[in-house]
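Here is the structure we will look at.
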Amino acid sequence: MALKDFRPMMERCSTCTHCKFIPFDKIKSIRFAENCPSIGYYNFNTYSARGRFQLAQSILDGRTDLNETVTETIHSCTSCGACDVTCKVCRYNLEPLEHNIELKAYAVENGKVLEGQKPVIENLKKENTMIPKAKKANRIDWAKDLNLKDLFKEKAEVCFFAGCKYSYDEKLQKIAQNTVKLLQSAGVDLGYLGAADNCCAGRAKQMGFFEEFDNSANNNIKAFQKSGVKTIVTPCSDCYHAFKRQYAKLGLEVEVLHIVEYVDKLIQEGKIKFTKSVPMTVTYHDPCHLGRLGEDYIPWEGKEKKILNQIHTWEPRRPRYNGAYGIYDAPRNILEAIPGLKLVEMERIREYSWCCGAGGGCNVSNPEFSQWTAGERVTEANATGADAMVTACPWCKDNFLDAVDENGNKIEVLDIIELVRQAM
Ligand code: SF4
Ligand code: SF4
Numbered sequence: 203m204a205l206k207d208f209r210p211m212m213e214r215c216s217t218c219t220h221c222k223f224i225p226f227d228k229i230k231s232i233r234f235a236e237n238c239p240s241i242g243y244y245n246f247n248t249y250s251a252r253g254r255f256q257l258a259q260s261i262l263d264g265r266t267d268l269n270e271t272v273t274e275t276i277h278s279c280t281s282c283g284a285c286d287v288t289c290k291v292c293r294y295n296l297e298p299l300e301h302n303i304e305l306k307a308y309a310v311e312n313g314k315v316l317e318g319q320k321p322v323i324e325n326l327k328k329e330n331t332m333i334p335k336a337k338k339a340n341r342i343d344w345a346k347d348l349n350l351k352d353l354f355k356e357k358a359e360v361c362f363f364a365g366c367k368y369s370y371d372e373k374l375q376k377i378a379q380n381t382v383k384l385l386q387s388a389g390v391d392l393g394y395l396g397a398a399d400n401c402c403a404g405r406a407k408q409m410g411f412f413e414e415f416d417n418s419a420n421n422n423i424k425a426f427q428k429s430g431v432k433t434i435v436t437p438c439s440d441c442y443h444a445f446k447r448q449y450a451k452l453g454l455e456v457e458v459l460h461i462v463e464y465v466d467k468l469i470q471e472g473k474i475k476f477t478k479s480v481p482m483t484v485t486y487h488d489p490c491h492l493g494r495l496g497e498d499y500i501p502w503e504g505k506e507k508k509i510l511n512q513i514h515t516w517e518p519r520r521p522r523y524n525g526a527y528g529i530y531d532a533p534r535n536i537l538e539a540i541p542g543l544k545l546v547e548m549e550r551i552r553e554y555s556w557c558c559g560a561g562g563g564c565n566v567s568n569p570e571f572s573q574w575t576a577g578e579r580v581t582e583a584n585a586t587g588a589d590a591m592v593t594a595c596p597w598c599k600d601n602f603l604d605a606v607d608e609n610g611n612k613i614e615v616l617d618i619i620e621l622v623r624q625a626m
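Residue numbers for the sequence shown follow our numbering, beginning at 203 and rising by one.
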């Protein structure tokens, strides 16, 4: 769909403000009632999903130029999808997230990008990774000595896909290595793409760089098909969403599982057993792209229809992604199975989770906004009294590591696999 095709949504938005808050019946305190980082930080309507619909309409009508302020506004959206699920509390046929991303693509097509986005996209094209300055030649260094099967040389039951962040970030590589060891010790027949392993480019899509995403995705789909992969397991929530939702749209037909789903299954089958107590209280952060954006792709083709030549809708009805079927139970099952560990919940959880701030490439294109967003979540985590916050995405973990709460306090941040390893 082009931006003009979203006009029915722009015109049907009822200015109800549900896209700015978690559902009113879920609010536990005013302090943690908001759901959109963008309007929370900028406090001006244009930064909300509603405002973005109005902005796009104004651009299409020729009333607003893509000037510097408008360009910054368009890209200051973490693509977290919180507006998308809360809009559907009262509306059925609007897709604010898809629209926000299409608006970014419109800006990109017109050459309106942010300085911080350029090195990310340039490195995707040059080195097949969205980590600036990282080199393709070093992509699989993290995996040496792990005895992972190269799927282009021998068959394996499961393809492990680490993703750029775990592959290159020295703070996080150990987690990817330990994840592989964990699966191998549970008897999983594990391989990887070896030299054909490249960026999933999901983040390029979130940033509105559609052409770059399509090129990477189509190449990766060919590599998956050539290797005969049947099941992909990834510890990265961005990669998970890219494969499960975006690649599925482009024709990828393989089972895609996040590591939390796979580990939960191995625990239930008795292939992972905990022998040590981890006496801690933790709170769990639902990553946006694993939780509310982790639902299965539903194919849809249709066209706009007007009722009584006036009310816009679509025929057939568009699928309704409202976040309810994202991946929420598997990580909680794992934490609850760890002896001695106590899980306490934050106020905004599951499909109403607050974003970590790294999405949409905002961690590089708008770091102040991104860190404020992470700080809000650290404040919420500290309010639970937990010793640590646990997550299942390297982008969330990295963004929380430097963030401080409103009192200047940090919190220990753990990847869920770090806790699993401690308990074994
Ligand atoms: S996707 Fe997230 S940051 Fe962007 S407008 Fe929606 S709620 Fe706000
Ligand atoms: S929740 Fe949906 S319908 Fe309501 S103001 Fe926001 S975008 Fe418009």
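Cβ coordinates follow ideal geometry from the N, Cα and C atoms, glycine included.
Given the structure is predicted, the values throughout are model-derived calculations rather than measurements.
- Contact between the segment 306-320 and the segment 231-244 is not established, with fewer than three Cβ pairs separated by less than 8 Å.
- At a threshold of 7 Å, Pro-239 does not count as near ligand 2, since its beta carbon sits no closer than that to any of the ligand's heavy atoms.
- For the pair Glu-553 and Ile-618, the Cα-to-Cα distance works out to about 19 Å.
- Remark: the C-beta of Ala-251 is in contact range of ligand 1, defined as less than 7 Å to any heavy atom.
- In this model, Glu-414 and Ala-444 are separated by some 13 Å (Cα to Cα).
- Fewer than three beta-carbon pairs drawn from the segment 251-259 and the segment 520-540 are found closer than 8 Å, and the two stretches are therefore not classed as touching.
- With a threshold of 16 other beta carbon atoms within 10 Å, Phe-223 meets it and is buried.
- For Cys-438, the closest alpha carbon among the candidates Leu-353, His-220, Ile-377 is that of Ile-377.
- The beta carbon of Cys-557 sits closer than 7 Å to at least one heavy atom of ligand 1.
- Within 7 Å of the C-beta of Leu-392 there is not a single heavy atom belonging to ligand 2.
- The C-alpha of Ser-231 lies about 44 Å from the C-alpha of Ser-387.
- Ranked by Cα distance from Leu-468, the first of Ala-284, Thr-381, Glu-503, Asn-565 is Thr-381.
- The C-beta distance from Tyr-449 to Ile-474 rounds to 28 Å, too long to fall under 8 Å, and the pair is not in contact.
- When only Cα atoms are considered, Lys-428 and Val-458 end up about 17 Å apart.
- Assigned with DSSP and collapsed to three states, Cys-285 falls in helix.
- One Cα belongs to Met-211, the other to Phe-426, and the distance between them is close to 36 Å.
- Remark: the C-beta of Ser-439 is outside contact range of ligand 1, defined as less than 7 Å to any heavy atom.
- Under the rule that a run must span 3 or more residues, the beta strand (DSSP E) segments found entirely inside the segment 507-552 read 513-517.
- Taking 4 residues as the minimum length, the alpha helix (DSSP H) runs contained wholly in the segment 430-494 are 439-443, 461-470, in order along the chain.
- Taking a C-beta distance under 8 Å as the contact criterion, Arg-550 and Gly-528 do not qualify as a contact pair.
- Assignment of Gly-393 by DSSP, reduced to helix, strand and coil, places it in the strand class.
- With fewer than 16 neighbouring CB atoms inside 10 Å of its own CB, Tyr-294 falls in the exposed class.
- Contact between the segment 509-519 and the segment 299-310 is absent: fewer than 3 CB-CB pairs across the two stretches fall below 8 Å.
- In the three-state scheme derived from DSSP, where H, G and I count as helix and E and B as strand, Leu-348 is classed as coil.
- Taking non-hydrogen atoms of ligand 1 into account, the C-beta of Asn-245 is found less than 7 Å away from none of them.
- Look at Pro-298: its beta carbon is less than 7 Å from one of the heavy atoms in ligand 2.
- Bounds of the alpha helix (DSSP H) holding Phe-255 are 251-262.
- For the 8 Å CB-CB criterion, Ile-323 and Ala-406 form a contact.
- With respect to the 8 Å criterion, Tyr-370 and Ala-336 are classified as neighbours on the basis of their beta carbons.
- In the structure shown, the three-state DSSP call for Thr-586 is coil.
- Annotation for Cys-366: the continuous alpha helix (DSSP H) segment containing it runs 365-370.
- The alpha-carbon of Pro-481 is positioned some 24 Å away from that of Asp-600.
- Here the distance from the Cβ of His-491 to the nearest heavy atom of ligand 2 is not below 7 Å.
- Rounded to the nearest whole angstrom, the CA to CA distance from Gly-472 to Asp-488 is 25 Å.
- If the five residues before and after Ala-526 are omitted, its C-beta is found closer than 7 Å to the C-beta atoms of Glu-553, all from its own chain and listed in chain order.
- If the five residues before and after Pro-569 are omitted, its C-beta is found closer than 8 Å to the C-beta atoms of Gly-318, all from its own chain and listed in chain order.
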